[in-house]
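Written below as C-alpha cells is the structure these notes are about.
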Amino acid sequence: MNDSEKNIRNEFIQTLVQRFGKERTALLPVLQEIQKKFFYIDEHSQQEVARLLNIHPVEVNSVISFYAFLYDKPRGRNTVRVCKNIICNYHGSLEIAKALSTELGIGFNETTKDGKVTLEYANCFGMCDKSPSILVNDQIHERVNKESVLNLIRDLK
Ligand code: FES
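Written out as C-alpha cells, the structure is:
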C-alpha cells in the first residue's frame, strides 16, 4: 500500500472516530464502515484504528477474526454466497454453484482477478421454503435458477 492509499484510509478513519467516538464501543462500527468502503480491513487500517482508539492492534485483529463478516484479506467488491445446505442442495444449488464458478472463472473462496466478485458457500439462510437461495452482498435471492443467478452477477458493478 502506497502513502497516498494510507492517507486516504487515515482520513476516513479519522472521520469515523469523530462520528463514533473514541470509546471501545466505537471499535465494531468503525471496522464495519472500513469494511464497507474498502471491502477488507488492511493491516495499516488496523494499526490506525488501534492508535486512535487506544487499543492494542492484536485486539483489533481478534475482533476482525471473530466476526464472520469482517475480513483482513482483500475481497471482491461483491460477495456471492450459495447455500449448500440439504434443502437448497436438493433443489439444485450445486448446479447453480457450478454455473457461477464457470461463469466467473473462479472456484469457491476465490475472488475474480478484476476484484468484482468473491464466491463462497454458506449454510442455510433460513429461506429453505423458497430454496434454492443465494445471498448477493446483503440481499437474499429466493427460488433462483442458473439463468437468474447468471443475470444477477452480470448486473454487479
Ligand atoms: S437450506 Fe438453503 S436456505 Fe435453508
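The opening residue of the sequence shown carries number 900 in our numbering; numbering runs sequentially from there.
The beta-carbon is built from N, C-alpha and C at its ideal position, and this holds for glycine as well.
Please state whether the Cβ-Cβ distance between residue i and residue j is less than 7 Å.
{"i": "Val948", "j": "Val962", "result": "no"}
{"i": "Cys982", "j": "Phe1024", "result": "yes"}
{"i": "Asn1044", "j": "Asn977", "result": "no"}
{"i": "Gly991", "j": "Thr1017", "result": "no"}
{"i": "Arg1042", "j": "Lys1029", "result": "yes"}
{"i": "Leu915", "j": "Glu904", "result": "no"}
{"i": "Glu1002", "j": "Leu1049", "result": "yes"}
Report all residues from its chain with a CB closer than 6 Å to the CB of residue i; omit the five preceding and five following residues, and keep chain order.
{"i": "Ala996", "result": "Val981"}
{"i": "Tyr970", "result": "Tyr939"}
What I want to know is whether the C-beta of residue i ends up closer than 6 Å to one or more non-hydrogen atoms of ligand 1.
{"i": "Phe1024", "result": "yes"}
{"i": "Ser1047", "result": "no"}
{"i": "Ile1033", "result": "no"}
{"i": "Lys986", "result": "Sequence check: residue 986 is Ile here, not Lys. Under cutoff, so the answer is yes."}
{"i": "Ser961", "result": "no"}
{"i": "Ser1030", "result": "yes"}
Within its chain, find whatever has a CB closer than 8 Å to the CB of residue i; leave out the 5 residues flanking it on each side and keep chain order.
{"i": "Ile1039", "result": "Phe1024, Met1026, Ser1032 and Ile1033"}
{"i": "Asn953", "result": "Lys921"}
For residue i, collect the residues of the same chain with a Cβ closer than 7 Å to its Cβ; drop the 5 residues on either side in sequence, then sort them by chain order.
{"i": "Ile1005", "result": "Thr1011 and Leu1018"}
{"i": "Asn1008", "result": "Glu1019"}
{"i": "Val979", "result": "Leu999, Val1016, Leu1018, Ile1033, Val1035 and Ile1052"}
{"i": "Ile986", "result": "Cys1027 and Ser1030"}
For residue i and residue j, which I take to be in contact (beta-carbon distance under 8 Å), what is that distance rounded to the nearest angstrom?
{"i": "Met900", "j": "His943", "result": "6 Å"}
{"i": "Asn1022", "j": "Asn988", "result": "Going by Cβ atoms, the distance from Asn1022 to Asn988 rounds to 11 Å, so no, they are not a contact pair."}
{"i": "Phe911", "j": "Lys936", "result": "6 Å"}
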